[in-house]
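Numbering (my numbering), first residue to last: 1115 to 1292.
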Ligand code: SF4
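Quick look at the structure:
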């Protein structure tokens, strides 16, 4: 199985909680005005890599970086390649890494898409935190954690799937220090 990527960042503290490795997927249909990653839009751009090779690359990186908390799927639109990312996420979680995924689709849209696209449901289930919604320049806010505009949400996916309505993710560490 192959996946099309735009790039990889080995260390980030702005794409989810803790230190994270970020996979930038290639291809995005959303065309948000003011998008910071326009090079990721072309579905034929970027480069392809074997999922197996990508997994071993991340596994090696994590073995050298003991404080790596997890992996973030950014883009582009990660859910365009939901099936390979779901497989990858499952294997990464077996290494003790957590999964954050961005999407220009909302949780509700993804849940509806999952009815006909098995991979979308599989990736949702493997995702710990979904950062959802389009980037809206009119709602830009530099003070937000991990996202660019106020309409975007940090969704606790496991809690949301259990309760049946969107539950916001809250950082327990921040709650302790609040
Ligand atoms: S969803 Fe993300 S990558 Fe796609 S156009 Fe919007 S901001 Fe850019």
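Even for Gly, the Cβ is constructed at its ideal location relative to N, Cα and C.
Candidates the options: closest to residue i by CA position
i            : options                   : result
residue 1237 : 1118, 1252, 1203 and 1250 : 1203
residue 1144 : 1219, 1280, 1253 and 1258 : 1219
residue 1187 : 1198, 1166, 1223 and 1137 : 1137
residue 1134 : 1275, 1257 and 1206       : 1206
residue 1216 : 1178, 1201, 1229 and 1248 : 1248
residue 1167 : 1239, 1272, 1119 and 1125 : 1119
residue 1182 : 1165, 1159 and 1129       : 1129
residue 1172 : 1284, 1159, 1122 and 1239 : 1122
Cβ-based neighbour list, residue i, same chain, cut-off 6 Å, excluding 5 preceding and 5 following
i            : result
residue 1242 : 1212 and 1213
residue 1148 : 1251
Where the alpha helix (DSSP H) through residue i begins and ends
i            : result
residue 1171 : 1165 to 1178
residue 1205 : 1196 to 1207
residue 1237 : 1232 to 1240
Close-in-space but distant-in-sequence residues of the same chain around residue i (CB under 7 Å, 5 per side omitted)
i            : result
residue 1253 : 1263, 1264 and 1265
residue 1192 : 1139, 1199, 1215, 1216 and 1217
residue 1132 : 1183 and 1184
Coarse secondary structure for residue i, derived from DSSP in three states
i            : result
residue 1153 : helix
residue 1277 : helix
residue 1291 : Confidence at residue 1291 is low in this model, with a pLDDT of 44, below 50, so its placement is unreliable and no value can be given for it.
residue 1225 : helix
residue 1259 : coil
residue 1283 : coil
Cβ-Cβ separation, residue j to residue i (assumed contact under 8 Å), whole Å
i            : j            : result
residue 1142 : residue 1190 : 5 Å
residue 1197 : residue 1235 : Incorrect: roughly 10 Å between the Cβ atoms, too far for contact.
residue 1221 : residue 1244 : 6 Å
Opening and closing residue of the beta strand (DSSP E) in which residue i lies
i            : result
residue 1133 : 1133 to 1139
residue 1191 : First-last for residue 1191: undefined, no H or E at that position.
residue 1116 : 1116 to 1126
residue 1216 : 1212 to 1217
residue 1267 : 1267 to 1270
residue 1248 : Element bounds for residue 1248: n/a, residue is neither H nor E.
Close-in-space but distant-in-sequence residues of the same chain around residue i (CB under 8 Å, 5 per side omitted)
i            : result
residue 1272 : 1242
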